[in-house]
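Those letters in the sequence shown? Residues -22 to -1, 1 to 217, per mature numbering (1 follows the signal peptide of the UniProt record, and there is no 0), in order. The block underneath contains the structure these notes are about, expressed in structure tokens.
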Amino acid sequence: MNMLRLVVGAVAFFGATAQASAHYLWVTVEARTDGQDVANIIFEESPAAGDGRYLDHFEGSRKTWIRSVEQIEPARIDAVDVREGKKRWLQATLPVSSPRSVDCYARFGVYRYGETNVLLHYYARHLDVSAHEDLHELSRAPHLALEIVPHNEGSEMELTVLWQGQPVANRMVFIRGPKQFRQNTKTDDEGRVRMNVADAGRYTIRTSVEEEVAGRDGDEEYSRIRHHGTLIMTLPLRD
């Protein structure tokens, strides 16, 4: 079995000679008055569009899916390149209304950290649900190797980190929310963490795992594989 370990550091550095902000893959959902809701796929430090300078690395590997309570099986949707001024991101038109889950995967490729070549994979989800029963139907995303699976119990949320469908212990989970809410915690032996939802608003959650596996990606060799996962939800949910 491959040895997995959490990337404990909260940042990943990009740029050949200078350190840049940490980058993660995010999915946000934008409800529009014309009914043509969209998903924004962003590769930045936070889920807000930036210069998108690294999006070209995902060409040929990125995949985006939509799921709903009525259609639980993931259906592929296309994302297009969007540029506004100096900002760049990807955007997909959503064919179904909420409750829904938008899921994304992309492979960055090999990046060199100091003397170590690392193969980077990214997984992102946006759970656009407002009720407990809808969350129950859509909480899993088994088509993604790395999942953050939420379950609500009143004002408390339980989050389970799954790697290839199995819970993983001792993984750092970083949670951010309204009113500068911050919680950094580790999963227990069953891959779970808990959080209290004190204020209504958007919550972002991320975690990482790493495989001590060497190999080759195209012409580039790597000595380990790193996986980053994110989840965005609006909380609290209705019972």
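Just so it is clear, CB atoms sit at the ideal spot from N, CA and C, and this is done for glycine as well.
Limits of the unbroken alpha helix (DSSP H) element including residue 116: 110 to 116 is the span of the alpha helix (DSSP H), which, as asked, contains residue 116.
Cβ pair residue 139, residue 149 closer than 7 Å: The criterion of a C-beta distance shorter than 7 Å is satisfied by residue 139 and residue 149.
Limits of the unbroken beta strand (DSSP E) element including residue 128: First-last of the beta strand (DSSP E) with residue 128: 124 to 131.
Beta-ladder partner(s) of residue 162, from DSSP: The partner list for residue 162 (beta bridge, DSSP) reads 152.
Cα-Cα separation between residue 90 and residue 96, rounded to whole angstroms: Take the alpha-carbon of residue 90 and the one of residue 96: they are about 6 Å apart.
Residue 46 to residue 209 span [Cα, whole Å]: Annotation: residue 46 to residue 209 spans about 16 Å, alpha carbon to alpha carbon.
Three-state secondary structure (DSSP) of residue 35: If DSSP states are grouped into helix, strand and coil, residue 35 belongs with the helices.
DSSP state of residue 207 mapped onto helix, strand, coil: Strand at residue 207.
Range of the contiguous beta strand (DSSP E) that encloses residue 68: 65 to 71 is the span of the beta strand (DSSP E), which, as asked, contains residue 68.
Residue interval of the beta strand (DSSP E) (run including residue 98): Start and end: 94 to 106.
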